[in-house]
Amino acid sequence: MMLALLQRFREERAGSTALEFTLVAGPLLLLMFGVLEFGRAEWSRQTLQEVAMHGARCMGVRQSACATGDASDLTKTRSYLMQEGHGYGLSLTTSDITLEADATCDGVSGFSRVSLTYDFKSSMPGAIEVLVQELPLRASACFPNQPTS
1 MMLALLQRFR EERAGSTALE FTLVAGPLLL LMFGVLEFGR AEWSRQTLQE VAMHGARCMG
61 VRQSACATGD ASDLTKTRSY LMQEGHGYGL SLTTSDITLE ADATCDGVSG FSRVSLTYDF
121 KSSMPGAIEV LVQELPLRAS ACFPNQPTS
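Going left to right, the sequence shown walks through residues 1 to 149 as UniProt numbering numbers them.
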């Protein structure tokens, strides 16, 4: 009797597709969402670098958005960077921004330097945060200071 039940159970195929889907769907969805989140993180890193480059150039050429007269204005530059970041969808605060109006970059002096940090947060809390709670992103850019007229 018991042997016949085991034989029948082993030969039964109803529900096997649902079981196989259940076993494969979890890892497949995790992989798919992981790829999407990695793409978002890489996009955020590249965007942060772009904002840093814009800010360094703004300081270096002393655009009106980043300077008062012929001198760099760090307060205006911070506002400019926060506005640029917001335009790309990044929320930068003043503590995320480090500015140097007369920096040395790669051993050469006379540069404006912008350094930014940003904590990337997953848009799928709970699912991806198991792997990474917060991903700190950093970007830095230098631009040569133009001579004043």
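In this text, a Cβ means the ideal position worked out from N, Cα and C, and glycines have one as well.
Predicted model only: the values in this text are computed from it and were never measured.
Residue i versus the options, residue with shortest Cα-Cα distance
| i | options | result |
| --- | --- | --- |
| residue 123 | 38, 1, 48 and 76 | 38 |
| residue 98 | 32, 87, 12 and 113 | 113 |
| residue 110 | 32, 22, 143 and 18 | 143 |
| residue 147 | 72, 139 and 115 | 72 |
| residue 40 | 90, 51, 57 and 2 | 90 |
| residue 59 | 5, 21 and 101 | 101 |
| residue 106 | 82, 140, 121 and 117 | 140 |
| residue 53 | 30, 134 and 115 | 115 |
| residue 117 | 35, 134 and 25 | 134 |
| residue 96 | 82, 36 and 26 | 82 |
Residue i versus residue j - alpha carbon distance
| i | j | result |
| --- | --- | --- |
| residue 92 | residue 119 | 9 Å |
| residue 80 | residue 55 | 7 Å |
| residue 74 | residue 64 | 12 Å |
| residue 88 | residue 47 | 7 Å |
| residue 76 | residue 28 | 47 Å |
| residue 2 | residue 18 | 26 Å |
| residue 33 | residue 5 | 42 Å |
| residue 12 | residue 23 | 18 Å |
| residue 26 | residue 14 | 21 Å |
| residue 43 | residue 10 | 50 Å |
| residue 66 | residue 103 | 16 Å |
Whole-Å CB distance - residue i paired with residue j, under 8 Å assumed
| i | j | result |
| --- | --- | --- |
| residue 137 | residue 8 | With 8 Å as the limit, residue 137 and residue 8 do not qualify as a contact, their Cβ atoms being about 58 Å apart. |
| residue 68 | residue 78 | 13 Å between Cβ atoms; not a contact. |
| residue 51 | residue 20 | Not confirmed; about 47 Å, so no contact. |
| residue 62 | residue 70 | 6 Å |
Opposing strand residues paired with residue i [DSSP bridges]
| i | result |
| --- | --- |
| residue 143 | 112 |
| residue 64 | Looking at the DSSP assignment, residue 64 forms no beta bridge with any residue, so it has no partner. |
| residue 57 | DSSP, once it has assigned bridges, lists no residue as partnering residue 57. |
| residue 135 | 120 |
| residue 104 | 109 |
| residue 71 | 68 |
| residue 3 | Answer is none; residue 3 lacks a bridge partner. |
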